[in-house]
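Comments concern the structure below.
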Amino acid sequence: MKKEKPILFTGIRPTGEVHIANLLAAIYPAVKAQDDYEEYLCIVDLHAITTPYNPEDMSQAIKEVAVDYLAAGINPDKVVLFVQSHIPYHTELMWLLNTITSVGELQRMTQYKEFKSRYKDAKAGILNYPVLMAADILLYKAKYVPVGEDQMQHLELARDIAKRFNQTFKKEVFPIPELAKLTEKPLRIKALNNPKNKMSKSLGPKSYIAIADDPDTIRRKISSAVTDTGPSQDTEKMSAGVANLFLLLRLTADEKTYNHMEEHYKNKTLKYVELKAVLAESIIDFLKPIQEKREELLDNIDYVAKVLSEGREKAYHKAGQVIKEVKEVMGLL
Ligand code: TRP
Numbered sequence: 022m023k024k025e026k027p028i029l030f031t032g033i034r035p036t037g038e039v040h041i042a043n044l045l046a047a048i049y050p051a052v053k054a055q056d057d058y059e060e061y062l063c064i065v066d067l068h069a070i071t072t073p074y075n076p077e078d079m080s081q082a083i084k085e086v087a088v089d090y091l092a093a094g095i096n097p098d099k100v101v102l103f104v105q106s107h108i109p110y111h112t113e114l115m116w117l118l119n120t121i122t123s124v125g126e127l128q129r130m131t132q133y134k135e136f137k138s139r140y141k142d143a144k145a146g147i148l149n150y151p152v153l154m155a156a157d158i159l160l161y162k163a164k165y166v167p168v169g170e171d172q173m174q175h176l177e178l179a180r181d182i183a184k185r186f187n188q189t190f191k192k193e194v195f196p197i198p199e200l201a202k203l204t205e206k207p208l209r210i211k212a213l214n215n216p217k218n219k220m221s222k223s224l225g226p227k228s229y230i231a232i233a234d235d236p237d238t239i240r241r242k243i244s245s246a247v248t249d250t251g252p253s254q255d256t257e258k259m260s261a262g263v264a265n266l267f268l269l270l271r272l273t274a275d276e277k278t279y280n281h282m283e284e285h286y287k288n289k290t291l292k293y294v295e296l297k298a299v300l301a302e303s304i305i306d307f308l309k310p311i312q313e314k315r316e317e318l319l320d321n322i323d324y325v326a327k328v329l330s331e332g333r334e335k336a337y338h339k340a341g342q343v344i345k346e347v348k349e350v351m352g353l354l
């Protein structure tokens with residue numbers, strides 16, 4: 022008999038341009054995981070609309086996330102790649118879980134507090150955001166969830182909700198989800214223009230390399246990255262900016278190139294213009310195959326739509342079984 026694989030669920034916000042930190046820290050690990058897990062990759066459009074957005078751009082953003090994951094090597098025969106709003110069970114389960122979630126615990130969520138202060142008139146969707154996220158995970162009975170540090174609190178809440186549900190209705194319906202560790206240690210890739218903070222679209226286009234950036238844009242962004250006054254200073258410790266460039270080099274260049282640059286740095290003979298030139302070419306080469314694949318997929322968007330519609334079929338089937346079980350134990354029939 023075929024051994025059952027553990028279930029892994031990831032939610033991806035369709036936020037438009039994907040950058041190299043997303044690619045290295047989230048997308049490639051998801052690609053690597055596809056052989057070892059029953060993997061659900063869900064494009065979470067219902068989460069994305071909880072903050073101000075432009076409806077005209079949304080459907081394109083959704084398709085582009087799918088394109089990016091497929092271009093990076095997600096195999097739709099192995100992974101269920103689908104759109105959250107295509108499966109009405111997500112919002113149905115969210116409602117059911119709302120009935121066992123207290124307002125107080127939602128109000129204590131850091132992200133809620135941040136959003137509430139950032140968008141004066143925060144909507145109820147922001148408060149309920151983590152309940153929808155718990156529903157996403159539990160609807161597929163996922164055991165493993167890869168999230169970044171900023172989403173750990175929401176994962177904790179999903180665990181609490183799962184435990185509370187099982188206790189309240191006296192049946193182990195949901196496995197308790199836990200953090201999937203798909204990389205050895207979390208990759209902390211920093212913003213090029215602001216290396217104290219993590220690389221993020223919110224810090225502006227100079228802070229990140231988008232996976233669709235052309236070679237000249239990449240050269241320009243890398244050459245203006247923040248460093249320090251030079252490796253000849255007394256301290257052995259790299260500044261945050263230089264360490265970030267070395268991290269990117271380690272992740273994109275071959276070992277020989279990396280070692281060579283590191284040696285140079287240790288000997289205090291490295292000029293940062295040189296490091297930047299080598300790094301820019303290394304990133305350009307690294308992104309080339311995925312950029313070619315992206316172009317191919319963007320020219321063939323019907324294929325992408327077909328993948329998402331097949332994903333919907335598979336997700337719908339699995340989620341339908343779980344929602345039936347949930348409603349049964351809750352006495353709804
Ligand atoms: N909230 C997550 C984020 O902002 C996205 C997300 C939604 C998610 N549902 C999920 C992540 C379920 C993991 C599992 O990045």
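So the mapping is simple: this note's numbering equals the position in the sequence shown, first residue as 1, plus 21. Virtual Cβ for every residue (Gly too), placed ideally from N, Cα, C.
Asked: Counted within 10 angstroms of its Cβ, other Cβ atoms place V124 as buried (16 or more) or exposed; Found: exposed
Asked: Nonlocal neighbours in the same chain, by C-beta distance under 6 Å from A274, ignoring five residues either side; Found: S303
Asked: Secondary structure, alpha helix (DSSP H): runs of 4+ residues fully inside the segment 242–308; Found: 261–273, 276–287
Asked: Residue nearest to K84 in terms of C-alpha spacing, selected from Y337, D323, V347; Found: D323
Asked: Reduced DSSP category for K206 - H, G, I as helix; E, B as strand; rest coil; Found: coil
Asked: Extent of the continuous alpha helix (DSSP H) to which K53 belongs; Found: 49–54
Asked: Check: F186 C-beta below 7 Å from any heavy atom of the ligand TRP; Found: no
Asked: Per-residue DSSP class, three states only, for P226; Found: helix
Asked: Proximity test, D157 beta-carbon vs the ligand TRP heavy atom, cut-off 7 Å; Found: yes
Asked: Complete runs of the alpha helix (DSSP H) confined to the segment 87–130 [at least 4 residues]; Found: 110–119, 124–128
Asked: heavy atom of the ligand TRP below 7 Å from K332 C-beta; Found: Lys is not the amino acid found at residue 332; the sequence shown has Gly there. G332 Cβ: outside cutoff for every heavy atom of the ligand TRP.
Asked: Element boundaries [alpha helix (DSSP H), containing F30]; Found: No alpha helix (DSSP H) holds F30; the beta strand (DSSP E) holding it covers 28–33.
Asked: Cβ neighbours of A93 in the same chain (closer than 7 Å, five flanking residues each side left out); Found: L44, I48, Y49, V52, I311
Asked: Three-state secondary structure assigned by DSSP to P151; Found: helix
Asked: K345 versus A246 - alpha carbon distance; Found: 53 Å
Asked: heavy atom of the ligand TRP below 7 Å from F30 C-beta; Found: yes
Asked: Three-state secondary structure assigned by DSSP to Y61; Found: strand
Asked: Burial state of V166 (16 or more Cβ within 10 Å); Found: buried
Asked: Those residues which DSSP pairs with E135 across a bridge; Found: BP columns for E135 are empty, so no partner.
Asked: Residues near K314 by beta carbon distance below 6 Å, same chain, minus five either side; Found: A92
Asked: Simplified DSSP assignment, three categories, for L318; Found: helix
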